[in-house]
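Novice:
There are 2 protein chains.
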Amino acid sequence: MKIVALAGGVGGAKFVDGLSRVIPSEDLTIIVNTGDDFNLFGLRICPDLDTVCYTLAGLANPETGWGRENETWSALETAASLGGPNWFHIGDRDLGLHLERTRRIALGQSLSEIVSDFCTTWKIAPTVLPMTDGIVPTLVETKDYGILGFQDYFVRLRCAPVVTGFKFQNIEYCTPALGVLSALQSADVVIFAPSNPWVSIGPILAVPGISEVLRSKTVVAISPIINGKTVRGPAAKMYAELGITPSALAVAEHYREFLSGFVLDRLDSEDAKIIARWGIIVLETDSIMSNVADRQRLAREVTVLCRKIIGGSLPA
Amino acid sequence: MKIVALAGGVGGAKFVDGLSRVIPSEDLTIIVNTGDDFNLFGLRICPDLDTVCYTLAGLANPETGWGRENETWSALETAASLGGPNWFHIGDRDLGLHLERTRRIALGQSLSEIVSDFCTTWKIAPTVLPMTDGIVPTLVETKDYGILGFQDYFVRLRCAPVVTGFKFQNIEYCTPALGVLSALQSADVVIFAPSNPWVSIGPILAVPGISEVLRSKTVVAISPIINGKTVRGPAAKMYAELGITPSALAVAEHYREFLSGFVLDRLDSEDAKIIARWGIIVLETDSIMSNVADRQRLAREVTVLCRKIIGGSLPA
């Protein structure tokens, strides 16, 4: 069973790490959001890609979910002492990655080639692809702060501004990274990781060509919202600010046109009933991933669901 | 007595640190070579400026003369592990400076404004000016390696290639940084620090307008060559490769059109006699700077010489 997972953010990274532990690497491709990429100090920074790669490589900081374990902060502290911004926390090891990525981009390498090389170095076995090699910054439209760059909203302002909408700048002109469409076309199932539907999965779906392929595919999504809340991140807050009650149901509604299956927490069994009535196969389970065993268990359950759906052997 | 010192490299940095300890800060302006500036990882790196500033700020690594004390190397090690170059040794703290400088340049600040701000942060009292805010890379023409960027020659290839000449790219189109010409015009004495005449002082003299002002000024130079050798760096090797016997005499010859005074080591008293015959006031002293006391003593002796020259009270 060939699986393509769409992912972004810490929850997405944890889930695809689980997947990488339960299915053969050659059967797994991970397409990562790059809408939250940005430039700081002249360096190209790709937070979602790096979180996914650090997690898969076993290098991630288990406390924060982002950045690297055993990190030091000398460079950023020095820059800050000279008047530089320090709201985006870049550790020294993390910085080394940004330096080398930036150097290679200046030499003309594509982001996807670079990610591929880094994955080889880090012995990451599944295929990890950025959604595009283009520059498609996610902009957050807010009530009181105007239009913000994503990291400005997400990290500097800690998601405090009230959101009124999103724009994926230039996304209509970008193309999927090499390998993205072919991986999707040959996938048996596409899984939307428990990532933010607005700003992690949303940008991937907005890359020209991706949604078109997905409409002919078996898609299973995992709700990042549990009992109206998120484990981390602003997805629930965004739904509320956009006038939608945050819930697993809202997530299923969000993705409805694509879905064959949907995974939500046991706490959301009322939502499960409604979604099932739409003809979507629903799995209720424990969806919080507190440790590696949780990631692995959730991933295994999701793959079992996927097999049932594509095998036509549906749960009762 | 208003002094302007031209400097580049570790020897130059040590000497101007000595000067800063023996004359009032408001009377000292240091003009630093920027011909060895380059880009790595997309960052603007200014080795001579940084060596001068780190030395004046008391942040320099006393072992190496360049870079910072108590440095860590996480970022460069990570970049290298991903295939990046690590021949130019950038520590994490040093990197923080490059990050912030690069960020400010992208915002439109001039290098001289940035240096001024950093000097304020570091409580560096003398005025430190880059020779120009322009980009004027020193190229090293070599017998067997073609034309090399300066750091490529100096650091990566450890000065091994045989030099056939130098080119200061675009220097004819650059202008001195704001404050450079006015500092030179109001100087009582201009001192050429014991820096490499070819690639540290040479680029400064090649900035349009600087040599013209210097011809009407009292100039005192300190030989970086002692008994045919340099304490560090390739100045002596360069003279030899260009067909000139490396010596204090060769340095005096190099600068002859500008010189009122010349400082050399006691080991070079034969050279001293010849230079004195040209009508240049010569000071023989111990010119190796092994510690801060040496820097201070040498600087004091040089300032005494300067005073004698401009006061007309010449040594016998």
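Residue numbers (the working numbering), protein chains in the order written: chain A, 36 to 351; chain X, 36 to 351. Note that CB positions come from ideal geometry on N, CA and C, so glycine has one too. Here the structure is a predicted model, which means the values were calculated and not measured.
1) Under the DSSP definition of a beta bridge, which residues are partnered with A/Gly184?
2) Quick one: list the residues of chain A neighbouring X/Thr99, beta-carbon separation under 7 Å, in chain order.
3) Just reading off the alpha helix (DSSP H) that A/Lys343 is part of, what are its end residues?
4) Less than 8 Å between CB atoms is the rule here; does X/Gly119 satisfy it with respect to chain A?
5) Rounded to whole angstroms, what is the Cα-Cα separation between X/Arg335 and X/Thr86?
6) For A/Val339, count neighbouring C-beta atoms within 10 Å of its own C-beta (all shown protein chains included) and say buried if the count is 16 or more, exposed if not.
7) Thinking just about the alpha-carbon of each residue, which of X/Pro161, X/Val248 and X/Asn68 is nearest to the one in X/Phe185?
8) Whose Cβ in chain X lies nearer than 7 Å to the Cβ of A/Gly77?
9) Beta-carbon of X/Asp187 versus every beta-carbon of chain A: anything under 8 Å?
10) Taking 8 Å as the CB-CB cut-off, is A/Pro350 touching chain X?
11) Jot down the residue ranges of each uninterrupted beta strand (DSSP E) in the region 251-304 of chain X, minimum 3 residues, whole runs only, in chain order.
12) Quick check on DSSP: helix, strand or coil for X/Pro243?
13) Use the C-beta contact count for A/Gly181: other C-beta atoms within 10 angstroms, 16 or more gives buried, fewer gives exposed.
14) In terms of residue numbering, what span does the beta strand (DSSP E) encompassing X/Arg79 cover?
15) Shortest alpha-carbon distance to A/Leu284 belongs to which of A/Phe50, A/Ile309 and A/Met324?
16) Can you name the residues that DSSP bridges to X/Ala95?
17) Could you tell me whether any Cβ in chain X is nearer than 8 Å to the Cβ of A/Gly131?
18) Would you say A/Val337 and A/Pro238 are within 8 Å of each other, going by their C-beta atoms?
19) By a C-beta neighbour count over all protein chains shown, 10 Å radius and 16 as the cutoff for buried, is X/Glu207 buried or exposed?
20) Hey, does A/Ala110 have any beta-carbon neighbour from chain X nearer than 8 Å?
21) List, in chain order, every chain X residue whose beta-carbon is nearer than 9 Å to that of A/Ser147.
22) Could you give the C-beta distance for X/Phe201 and X/Leu174, rounded to a whole number, given that I count them as a contact under 8 Å?
23) Under a three-way DSSP split, which group does A/Val317 fall into?
24) Can you find the residues in the same chain that come closer than 8 Å, C-beta to C-beta, to A/Thr137, ignoring five residues on each side of it along the sequence?
25) Let me see if you follow: with CB-CB separation under 8 Å, is A/Phe153 close to chain X or not?
26) Ordered along the chain, which non-local residues of its own chain (more than five positions away) have a Cβ less than 6 Å from that of X/Ser304?
27) Can you give me the C-alpha to C-alpha distance between A/Pro232 and A/Val286, rounded to a whole angstrom?
28) With 8 Å as the threshold, decide whether the Cβ of X/Asp127 is near any Cβ in chain A.
29) Determine the direct distance from the alpha carbon of A/Lys178 to that of A/Trp313, and round the result to whole angstroms.
30) Need the endpoints of the beta strand (DSSP E) that A/Phe201 sits in, please.
31) Please compile the residues from chain X whose C-beta is within a distance smaller than 8 Å of the C-beta of A/Ala95.
32) Ordered along the chain, which non-local residues of its own chain (more than five positions away) have a Cβ less than 6 Å from that of X/Thr107?
33) Given this structure, state the Cα-to-Cα distance separating A/Ile260 from A/Glu148, to the nearest angstrom.
34) Provide the residue span of the beta strand (DSSP E) that contains X/Ala212, from first to last.
Specialist: So, from the data block:
1) Taking the first sequence and counting its residues from 1, one reaches residue 184 of chain A at position 149. Beta-bridge pairing links A/Gly184 to A/Leu174.
2) Looking up residue 99 of chain X in the second sequence gives position 64. Going along chain A, no residue has its Cβ under 7 Å from X/Thr99, so there is no contact; the nearest lies around 17 Å.
3) Walking along the first sequence from the start, residue 343 of chain A turns up at place 308. Note, A/Lys343: alpha helix (DSSP H), Val327 to Gly346.
4) Within the second sequence, numbered from 1, the residue matching residue 119 of chain X stands at position 84. True, the Cβ-Cβ gap to chain A drops below 8 Å.
5) Position 300 of the second sequence, counted from the first residue, corresponds to residue 335 of chain X. Position 51 of the second sequence, counted from the first residue, corresponds to residue 86 of chain X. Each residue's alpha carbon lies about 21 Å from the other.
6) Reading the first sequence from its first residue, position 304 is the one you call residue 339 of chain A. With fewer than 16 Cβ atoms within 10 Å of its Cβ, A/Val339 is classed as exposed.
7) For the purposes of this step, residue 185 of chain X is identified with residue 150 of the second sequence, where counting begins at 1. Of the candidates X/Pro161, X/Val248 and X/Asn68, the one whose C-alpha sits nearest the C-alpha of X/Phe185 is X/Asn68.
8) On the first sequence, position 42 is the one that residue 77 of chain A refers to. Chain X residues near A/Gly77: Gly77, Leu78, Thr137, Arg138 and Ala141.
9) Position 152 of the second sequence, counting from 1, holds the residue named residue 187 of chain X. Not closer than 8 Å to any Cβ of chain A, the Cβ of X/Asp187 fails to qualify, so no.
10) Residue mapping note: residue 350 of chain A aligns to position 315 of the first sequence, counting from 1. Summary for A/Pro350: the model assigns pLDDT 46, below 50, so the residue's position carries little reliability, and this model does not support an answer.
11) The qualifying runs are 253-257 and 294-300.
12) Counting from 1 along the second sequence, the entry for residue 243 of chain X is found at position 208. In this structure, X/Pro243 counts as coil in the three-state DSSP scheme.
13) By one-based count along the first sequence, residue 181 of chain A stands at place 146. Answer is exposed; the Cβ neighbour count stays below 16.
14) Start at 1 with the first residue of the second sequence, and residue 79 of chain X comes out as number 44. Start and end: Leu78 to Ile80.
15) Walking along the first sequence from the start, residue 284 of chain A turns up at place 249. Ranking A/Phe50, A/Ile309 and A/Met324 by CA distance to the CA of A/Leu284 puts A/Ile309 first.
16) Here residue 95 of chain X is taken as the residue at index 60 of the second sequence, counted from 1. In the DSSP output, where bridge partners are listed per residue, X/Ala95 has X/Arg103.
17) Position 96 of the first sequence, counting from 1, holds the residue named residue 131 of chain A. Yes, because at least one Cβ of chain X sits closer than 8 Å to the Cβ of A/Gly131.
18) In the first sequence, the residue the question calls residue 337 of chain A occupies position 302. In the first sequence, the residue the question calls residue 238 of chain A occupies position 203. No, they are not a contact pair.
19) Taking the second sequence and counting its residues from 1, the one referred to as residue 207 of chain X is at position 172. Exposed, by the Cβ-count rule.
20) Taking the first sequence and counting its residues from 1, the one referred to as residue 110 of chain A is at position 75. Yes, A/Ala110 lies at the interface with chain X (some Cβ there is under 8 Å from its Cβ).
21) For the purposes of this step, residue 147 of chain A is taken as residue 112 along the first sequence, with counting starting at 1. Within chain X, no residue comes near A/Ser147; the closest Cβ sits about 15 Å away, beyond 9 Å.
22) The residue given as residue 201 of chain X occupies position 166 in the second sequence. The residue given as residue 174 of chain X occupies position 139 in the second sequence. The pair is a contact, with the Cβ atoms about 7 Å apart (cut-off 8 Å).
23) As a first step, residue 317 of chain A is located in the first sequence; it is residue number 282 there, counting from the start. Three-state result, A/Val317: strand.
24) Translated into the one-based positions of the first sequence, residue 137 of chain A becomes position 102. These residues qualify, in order along the chain: Gly77, Leu78 and Arg79.
25) Working through the first sequence from its first residue, we reach residue 153 of chain A at position 118. Chain X, which has a Cβ nearer than 8 Å to the Cβ of A/Phe153, makes this yes.
26) Position 269 of the second sequence, counted from the first residue, corresponds to residue 304 of chain X. Excluding the 5 residues flanking it on each side, X/Ser304 has same chain C-beta neighbours closer than 6 Å at Glu319, in chain order.
27) Along the first sequence, read from residue 1 onward, the residue named residue 232 of chain A stands at position 197. Along the first sequence, read from residue 1 onward, the residue named residue 286 of chain A stands at position 251. Rounded to the nearest whole angstrom, the CA to CA distance from A/Pro232 to A/Val286 is 7 Å.
28) Sequence index remark: in the second sequence, residue 127 of chain X carries index 92 (1-based). Yes, its Cβ sits closer than 8 Å to a Cβ of chain A.
29) Numbered from 1 along the first sequence, position 278 holds the residue referred to as residue 313 of chain A. Numbered from 1 along the first sequence, position 143 holds the residue referred to as residue 178 of chain A. Taking the straight line joining both Cα atoms gives about 34 Å.
30) In the first sequence, residue 201 of chain A corresponds to position 166, counting from 1. Run containing A/Phe201: Val198 to Phe203, per the beta strand (DSSP E) assignment.
31) Numbered from 1 along the first sequence, position 60 holds the residue referred to as residue 95 of chain A. Result: empty, since nearest Cβ-Cβ is about 14 Å, beyond 8 Å.
32) Mapped onto the second sequence, residue 107 of chain X falls at position 72. Cβ within range, chain order: Asp127.
33) Working through the first sequence from its first residue, we reach residue 260 of chain A at position 225. Working through the first sequence from its first residue, we reach residue 148 of chain A at position 113. Each residue's Cα considered, the two are about 33 Å apart.
34) By 1-based counting over the second sequence, the position of residue 212 of chain X is 177. From DSSP, X/Ala212 is part of no beta strand (DSSP E); its letter is neither H nor E.
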